[in-house]
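Below is one structure; the comments refer to it alone.
There are 2 protein chains.
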Amino acid sequence: MIITSNQFSEMEKHYRTTLINSLPGYKTLQMVGTISEDGITNLGLFNSVFHVGANPPLLGMVFRPDGPDHDTLKNIESVGYYTMNNVLPEWYQQAHQASARYPTEISEFDLCGFKKLYTKGFKAPFIQESTIRIGLELRDTIDVEINNTTIVIGEITHILLDDALIGPDGYVDHIQAKTVTVAGLDSYFTTNPLGRLAYAKPNQQPGVLNGTEIS
Amino acid sequence: MIITSNQFSEMEKHYRTTLINSLPGYKTLQMVGTISEDGITNLGLFNSVFHVGANPPLLGMVFRPDGPDHDTLKNIESVGYYTMNNVLPEWYQQAHQASARYPTEISEFDLCGFKKLYTKGFKAPFIQESTIRIGLELRDTIDVEINNTTIVIGEITHILLDDALIGPDGYVDHIQAKTVTVAGLDSYFTTNPLGRLAYAKPNQQPGVLNGTEIS
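Which chain is which? The protein sequence lines are A and B, in order.
The first sequence begins at 13 in the numbering used here and counts up by one.
The second sequence begins at 13 in the numbering used here and counts up by one.
And the structure:
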């Protein structure tokens with residue numbers, strides 16, 4: 013089947029949103045923790061996080077102009093610090109609940125049942141229940157003119173996790189960390205390792221560092 | 013364990029790259045197909061694709077200034093069209109191989125063993141072996157000043173897939189499509205459904221649309 017541009021405009025709005033959001037596949041799932049200047053904490057669920065660079069260590073994320081994530085963006089811009097926390101299978105439903113449109117004065121930490129974790133010298137709250145927690149400092153805000161979204165780029169300044177999750181080469185083990193992934197806006201998944209491959213070079217078949225060989 | 017900024021600069025380069033790339037978890041994995049003005053096709057493997065909007069349907073992706081993906085960016089900018097194609101477990105190793113630095117005059121389609129698929133009115137090649145294929149038209153190129161990367165935003169103009177992969181509400185089934193996900197630069201995974209949840213509303217526990225209940 014081929015679907016082309018003129019068909020998108022004819023689609024029912026929710027159908028199109030679901031189709032386009034689920035089309036590209038699995039995404040990075042993060043609970044973003046912030047705090048307002050007045051000290052009200054906030055949690056939001058995001059699936060638009062992407063790698064921007066390793067040196068300096070930068071992550072990007074997208075904010076909709078009218079999204080339920082308004083408090084998160086406002087807090088990031090006013091305070092300058094925010095956290096990303098992975099989602100675990102045991103509480104993915106509570107994490108999903110944090111995507112509801114709660115009033116500004118309500119903290120999703122309390123409402124969805126998460127414990128706040130703070131570290132010295134960092135203003136924004138981490139999630140105690142997560143196994144991989146990333147602290148970021150706002151570095152850039154880019155307006156995307158085509159659809160009025162905002163790309164926020166932050167520099168990773170803190171990583172809070174169990175030593176055992178980092179391998180000798182720096183690789184973070186998300187199977188052991190029990191990280192959940194998402195497709196579309198509402199479908200959650202755990203994963204099975206296929207294999208880890210050596211750096212690809214021309215004229216050489218990729219070596220399997222570990223994992224199952226698929227024949 | 014807490015890792016902070018000053019420790020990043022002391023890390024061995026490959027260790028830091030592996031750590032930062034694998035830290036945020038699972039990512040959208042796409043083989044990007046392009047063609048040069050001279051008609052030379054190119055395939056590149058990307059894990060920086062992110063959702064920008066559903067109306068118009070927009071996807072973003074990040075290019076490094078010195079990356080092996082130089083031909084892909086050049087082709088997108090000169091021709092204006094490109095494709096994203098999902099990766100399947102049966103040939104994820106060949107997909108990984110497309111990330112090697114091949115000379116411009118060599119097509120990764122031929123070298124890594126993929127069949128080109130064209131559709132009327134669209135210049136860039138899709139991958140026959142993929143189950144979900146997205147055709148995009150370049151809409152915006154954003155320079156990220158902090159680290160000299162480039163964010164490319166394209167509008168989805170074509171979707172090529174089996175009808176059976178799209179549910180009645182527009183949801184694309186990546187389990188049935190056998191889409192692979194990636195963590196870091198080199199670790200590949202299949203997935204298991206945890207559950208699909210209803211749109212979250214305040215004062216209401218999320219409903220499970222389908223999937224396994226986790227208690």
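All C-beta atoms, glycine included, are put in the ideal place defined by N, C-alpha and C.
CA-CA distance, residue i and residue j?
i         : j         : result
Glu-167/A : Lys-132/B : 43 Å
Gly-92/B  : Asn-160/A : 22 Å
Ala-66/A  : Gln-188/B : 34 Å
Asn-1/A   : Glu-49/B  : Chain A is shown from 13 up to 227; residue 1/A falls before or after that span and cannot be answered.
Gly-196/B : Thr-84/B  : 20 Å
Ser-227/B : Glu-102/A : The predicted model places Ser-227/B with a pLDDT of 36, which falls under 50 and marks its position as unreliable; any figure quoted below should be read in that light. The straight-line gap from Cα to Cα measures roughly 7 Å.
Glu-232/A : Pro-77/B  : The structure shown has nothing for residue 232/A, since chain A only spans 13 to 227.
Glu-22/B  : Pro-115/B : 34 Å
Tyr-200/B : Thr-29/A  : 27 Å
Ser-111/A : Ile-52/B  : 45 Å
Thr-191/A : Thr-203/B : 12 Å
Asn-54/A  : Gln-42/A  : 13 Å
Leu-70/A  : Leu-150/A : 10 Å
Val-74/A  : Ile-154/A : 9 Å
Gly-45/A  : Asp-198/A : 20 Å
Asp-122/B : Gln-216/B : 53 Å
Glu-117/A : Gln-109/A : 16 Å
Leu-206/B : Leu-31/A  : 20 Å
Asn-18/A  : Glu-24/A  : 13 Å
Gly-182/B : Phe-20/A  : 11 Å
Ile-15/A  : Pro-36/A  : 15 Å
Tyr-27/B  : Asp-81/B  : 22 Å
Leu-57/B  : Phe-62/A  : 15 Å
Lys-86/A  : Val-220/B : 31 Å
Tyr-104/A : Tyr-104/B : 28 Å
For the alpha helix (DSSP H) containing residue i, list its first residue and its last residue.
i         : result
Asn-33/A  : 25-34
Asn-87/B  : 82-91
His-108/B : 104-109
Asn-18/A  : 17-22
Glu-120/A : 120-124
Check the Cβ-Cβ distances between residue i and every residue of chain A, and say whether any is below 7 Å.
i         : result
Tyr-114/B : yes
Ile-139/B : no
Ile-226/B : Low confidence applies to Ile-226/B: its pLDDT is 41, below 50, so where it sits in the model is not reliable enough to give any reading.
Gln-188/B : no
Ser-60/B  : yes
Lys-128/B : no
Ends of the beta strand (DSSP E) at residue i?
i         : result
Gln-42/B  : 42-47
Leu-209/A : 199-209
Asn-159/A : Careful: Asn-159/A lies outside any beta strand (DSSP E) and carries neither H nor E.
Tyr-130/A : 128-131
Asn-54/B  : 53-58
Met-73/B  : 69-75
Pro-115/B : Where Pro-115/B is concerned, there is no enclosing beta strand (DSSP E), given that its DSSP letter is neither H nor E.
Gly-65/A  : 62-66
Thr-193/A : 193-195
Ile-139/B : 134-139
Determine, for residue i, whether the minimum Cβ-Cβ distance to residues of chain D falls below 7 Å.
i        : result
Met-43/B : Although the question refers to chain D, the structure presented lacks it and instead comprises the protein chains A and B.
Closer than 6 Å by C-beta to residue i: which residues in its own chain qualify, once you throw out the five before and the five after it? Chain order, please.
i         : result
Lys-39/B  : Asn-59, Val-194
Ser-34/A  : Ala-195, Gly-196
Lys-127/B : Gln-140
Gly-147/B : Thr-95, Phe-134, Thr-169, His-170
Cys-124/B : Gln-106, Gln-109, Ala-110
Leu-100/B : Lys-190
Leaving aside the five residues before and after residue i along the sequence, list all residues of the same chain whose C-beta is less than 7 Å from its C-beta, in chain order.
i         : result
Asp-152/A : Ile-165
Thr-185/A : The question names Thr, but residue 185/A in the sequence shown is Asp. Within the same chain, Asp-185/A has close Cβ partners Leu-177, Gly-179.
Phe-135/A : Note on residue identity: the sequence assigns Lys, not Phe, to residue 135/A. Ile-47, Val-91, Tyr-93, listed in sequence order.
Ile-88/A  : Thr-46, Tyr-94, Leu-150, Val-164
Val-64/A  : Leu-70, Leu-71, Gly-72, Ile-165
Less than 7 Å between CB atoms is the rule here; does residue i satisfy it with respect to chain B?
i         : result
Gly-65/A  : yes
Ser-48/A  : no
Ala-176/A : no
Lys-39/A  : yes
Lys-86/A  : no
Val-10/A  : This structure cannot speak to residue 10/A, because chain A is shown only from 13 to 227.
Lys-213/A : yes
Please work out which residues of its chain come closer than 8 Å, Cβ to Cβ, to residue i, disregarding the five sequence neighbours upstream and downstream, and give them in chain order.
i         : result
Phe-138/A : Gly-45, Thr-95, Asn-97, Lys-128, Leu-129, Tyr-130, Thr-131, Arg-145, Gly-147, Leu-172
Thr-224/A : Note that Thr-224/A scores 47 on pLDDT, short of 50, meaning its location in the model is unreliable; the coordinates nonetheless yield the value given after this. Only Pro-205, Leu-206, Gly-207 meet the Cβ criterion.
Inset, instruction - May I ask you to verify whether the stretch 196-214 of chain A touches the stretch 142-159 of chain B, counting CB pairs closer than 8 Å and requiring at least 3? - result: no
Legend entry - Three-pair Cβ contact test at 8 Å for the stretch 133-152 of chain A versus the stretch 171-186 of chain A: yes
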